[in-house]
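Chemist: Residue 43 in our numbering is what sits at position 36 of the sequence shown, and the numbering runs on without skipping anything.
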Amino acid sequence: TVNYQNLPASASITWVPCPPPTAPVADNDFYTTPEDTSLTVTVQNLLVGDYDINPGDTVSVDVSAGTFFQSAHGIYVVNDNGNFTYWPNDNFTGTDTFTYRATDGTLFSELATVTIEVTPVNDAPVANNDDYTVAQDDTLAVPAPGILDNDTDPDSGSLTPTIVDTPSHGLLVPAADGSFVYTPDTGYSGTDTFTYTVSDG
8 TVNYQNLPAS ASITWVPCPP PTAPVADNDF YTTPEDTSLT VTVQNLLVGD YDINPGDTVS
68 VDVSAGTFFQ SAHGIYVVND NGNFTYWPND NFTGTDTFTY RATDGTLFSE LATVTIEVTP
128 VNDAPVANND DYTVAQDDTL AVPAPGILDN DTDPDSGSLT PTIVDTPSHG LLVPAADGSF
188 VYTPDTGYSG TDTFTYTVSD G
């Protein structure tokens, strides 16, 4: 004989559905750095805007630390602490990009693009030595660009010479366009020199 008097009339079960795992979302990033200057970005900064809707999931960068990568105009590496460092190519200015994925340890995001704007800086021009020959008691007249002919400016700027030391054995008449006239002292033969610097303004 079964006694039903002490059994509950009904019971309820609460069921909470769990969403299926979803991949994290990686957001695009933008940074700037001056020409010929490296850029280091912390992993926390890189992952700003990246997220995973699954509770408890931690988002990280899907790349092996210490690995160097080549972008179109530089190289970059992810350091052991997750930060990345970017080095633009010498004298490059403009936009460079690379991509990465975020991961929660299981699933991976779509590619996110890191855009780096390398801004120009004024590079110093380079003055190179010059050699000329003139006969004794004659005058040497060198037309423009004269002493500027073999001098260079990475920024392709207009160059202007400034005389620092005048010749010891003659008279020098320089011009801003690089041309000059040199007249040696009467009866002098041998080597004479003058020095100059160049400026791009």
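The beta-carbon is built from N, C-alpha and C at its ideal position, and this holds for glycine as well.
Is the Cβ-Cβ distance between Y195 and H176 less than 8 Å?
Modeler: Here residue 195 is taken as the residue at index 188 of the sequence shown, counted from 1. Here residue 176 is taken as the residue at index 169 of the sequence shown, counted from 1. The answer is yes: Cβ separation under 8 Å.
Chemist: Just to confirm my understanding: we take P132, look at its own chain, exclude 5 residues before and 5 after, and list those with CB closer than 6 Å. What are they?
Modeler: Indexing the sequence shown from 1 puts residue 132 at position 125. Taken in chain order, the residues that qualify are D160, L166, V205, D207.
Chemist: CA-CA distance, A182 and A148?
Modeler: To locate residue 182, count along the sequence shown from 1; it is residue 175. To locate residue 148, count along the sequence shown from 1; it is residue 141. Their Cα atoms are separated by approximately 11 Å.
Chemist: Compute the Euclidean distance between the alpha carbons of T102 and E42, then round it to the nearest angstrom.
Modeler: Here residue 102 refers to the residue found at position 95 when the sequence shown is read from its first residue. Here residue 42 refers to the residue found at position 35 when the sequence shown is read from its first residue. Distance between the alpha carbons of T102 and E42 is about 11 Å.
Chemist: Under the DSSP definition of a beta bridge, which residues are partnered with F201?
Modeler: Your numbering for residue 201 matches position 194 in the sequence shown. F201 pairs with nothing; no bridge assigned.
Chemist: Starting from the Cα of G153, find the closest Cα among N135, V128, D144 and give me that residue.
Modeler: In the sequence shown, the residue the question calls residue 153 occupies position 146. Among N135, V128, D144, the Cα nearest to that of G153 belongs to N135.
Chemist: With respect to the beta strand (DSSP E) encompassing L178, which residues constitute its N-terminal and C-terminal limits?
Modeler: The sequence position of residue 178 within the sequence shown is 171, counting from 1. Unbroken beta strand (DSSP E) run through L178: 177-181.
Chemist: Would you say N136 touches the ligand FAD, meaning its beta carbon is less than 7 Å from a heavy atom?
Modeler: This structure lacks the ligand FAD, and indeed carries no ligand of any kind.
Chemist: Candidates G197, W94, D172: which alpha carbon is nearest T39's?
Modeler: Position 32 of the sequence shown holds residue 39. Among G197, W94, D172, the Cα nearest to that of T39 is on W94.
Chemist: Hey, W189 and V141: beta-carbon distance below 8 Å or not?
Modeler: Position 182 of the sequence shown, counted from the start, is the residue given in the question as residue 189. Position 134 of the sequence shown, counted from the start, is the residue given in the question as residue 141. Checking the sequence shown, residue 189 turns out to be Tyr, not Trp. A contact, by the Cβ cut-off of 8 Å.
Chemist: With distances taken from CA atoms, which of T100, N129, T92 is nearest L80?
Modeler: Taking the sequence shown and counting its residues from 1, one reaches residue 80 at position 73. Rather than Leu, the amino acid found at residue 80 in this sequence is His. Comparing Cα-Cα distances from H80 to each of T100, N129, T92, the minimum goes to T100.
Chemist: Which partner residues of E124 appear in the DSSP bridge assignment?
Modeler: Here residue 124 refers to the residue found at position 117 when the sequence shown is read from its first residue. Partner(s): T39, T102.
Chemist: Work out the CA separation of P168 and A151 for me, nearest whole Å.
Modeler: Along the sequence shown, one-based indexing puts residue 151 at 144. Along the sequence shown, one-based indexing puts residue 168 at 161. Using only the alpha carbons, I get a separation of about 12 Å.
Chemist: If I measure Cβ to Cβ from A30 and keep anything under 7 Å in the same chain, skipping five residues before and after, which residues do I get?
Modeler: To locate residue 30, count along the sequence shown from 1; it is residue 23. Cβ neighbours of A30 beyond the five flanking positions: L114, F115, S116.
Chemist: Could you check the C-alpha separation between N86 and T110 for me, to the nearest Å?
Modeler: For the purposes of this step, residue 86 is taken as residue 79 along the sequence shown, with counting starting at 1. For the purposes of this step, residue 110 is taken as residue 103 along the sequence shown, with counting starting at 1. Their backbone Cα atoms lie some 17 Å apart in a straight line.
Chemist: Starting from the C-beta of V121, find all residues in its chain whose C-beta is less than 6 Å away, skip the five residues before and the five after it, and write them out in chain order.
Modeler: Sequence index remark: in the sequence shown, residue 121 carries index 114 (1-based). Same-chain partners within the cutoff: D36, F105.
Chemist: Apart from the five residues on each side of it in sequence, which residues of its chain come closer than 7 Å, Cβ to Cβ, to S186?
Modeler: Here residue 186 refers to the residue found at position 179 when the sequence shown is read from its first residue. Counting only Cβ-Cβ distances below 7 Å, and skipping sequence neighbours, we find V149, P150, A151, G153.
Chemist: By the 10 Å Cβ neighbour count, where 16 or more other Cβ atoms means buried, how is Y139 classified, buried or exposed?
Modeler: To locate residue 139, count along the sequence shown from 1; it is residue 132. Counting Cβ neighbours within 10 Å, Y139 comes out exposed, since fewer than 16 surround it.
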